[in-house]
Amino acid sequence: MMYRRLIVLASLLIGFVNVTLAGVRDTLNVRSQALVEERLPIVAYTFNPKSLILPASLITVGAVGTAIDGMNDFHLFSRKDSVKQIHIDNYLEWGMLGWVFVCDLMGKEKHNWVDQLCLVALAEGMNGLMVHGLKNWVNEPRPDGTPYSFPSGHTANAFLGAHMAYKEFKDSSPILAYSGYALAAFVAGSRLYNNKHWVADVVAGAGFGILSVELSYLVYFPIRNAIARRINRNVRNCPVVAAPVFGPNMAGFYLTYQF
């Protein structure tokens, strides 16, 4: 009689353990899946072709102003043989690449800082290739006589940072979204004042900076989402389950790896 009671009690205990382990396993799987989705979310991004109208227009105006004889003699300020140089544009050129991260401290950005960092790096890479490639190909003399005037690299970098902030904050904070353009315009004006560029150079430079940001968004998110889907799918399809197992005449350890 005592032996039968022990068997029944053991059976009930084993059943309870199996049900409990199954619940724990399901809970772990759900939590693991939720963790994966939190860590590698799919970011929705829709490219709008109209976003290319502004940079294309600026680049066209700058190119025409450089190509047609006489138009590249137009200046915003009166030129002198010597001007007292201001150097803040040299610092703002690179400082503007971090403007979006400054805005992150004051408003609600659209994408996290990791995505922003990748976007800035990608945009700067494309911007550098386009701007410096054209500088060497066109080889337009600067107003002060030095080479490589078209387009303005300082202006391109400044408007790259400004437009990145615009893309990230245009829906949440218009003030932050447009704030960078004022700084970028100051950089462009400084290049003209310092006798380093023609008006056509800074107009085209602004266009290339904006274009590089639009292209970075277009290229980055499809690649990022493809990688995220691949990683999430691999993790979900390869769960590891480990649990102790007890039976009437045995005890052991249960481990599965699905691939």
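Residues -8 to 250 in this note's numbering are what the sequence shown lists, from first letter to last. We treat Cβ as the ideally placed atom computed from N, Cα and C, and that holds for glycine. From a predicted model like this one, the values you see are computed outputs, not experimental measurements.
Under 7 Å between C-beta atoms of residue i and residue j
i      : j      : result
Pro142 : Gly196 : yes
Ala149 : Glu84  : yes
Ala114 : Leu151 : yes
Val122 : Ala147 : yes
Cys109 : Ala156 : no
Asn186 : Val74  : yes
Ala179 : Thr57  : no
Residue i classed as buried or exposed, judged by whether at least 16 other C-beta atoms fall within 10 angstroms
i      : result
Gly124 : exposed
Ala175 : buried
Tyr82  : exposed
Asp162 : exposed
His66  : Unreliable positioning characterises His66 in this predicted model, as indicated by a pLDDT of 46, which lies under 50. A coordinate reading is not provided.
Gly198 : buried
Arg220 : exposed
Leu26  : Note that Leu26 scores a pLDDT of 43, beneath 50, so its modelled location is shaky; the value from the coordinates is reported in the next line. With fewer than 16 Cβ atoms within 10 Å of its Cβ, Leu26 is classed as exposed.
Which of helix, strand or coil DSSP assigns to residue i
i      : result
Gln76  : coil
Lys126 : helix
Tyr36  : coil
Arg220 : helix
Lys99  : coil
Arg133 : coil
Span of the alpha helix (DSSP H) around residue i
i     : result
Gly56 : Ile44 to Ala58
Phe92 : Trp90 to Asp95
Next on the checklist: Quick check on the DSSP output: what are the complete alpha helix (DSSP H) runs of length 4 or more inside the stretch 136 to 185, in order along the chain?
Outcome noted: 144 to 160 and 165 to 184
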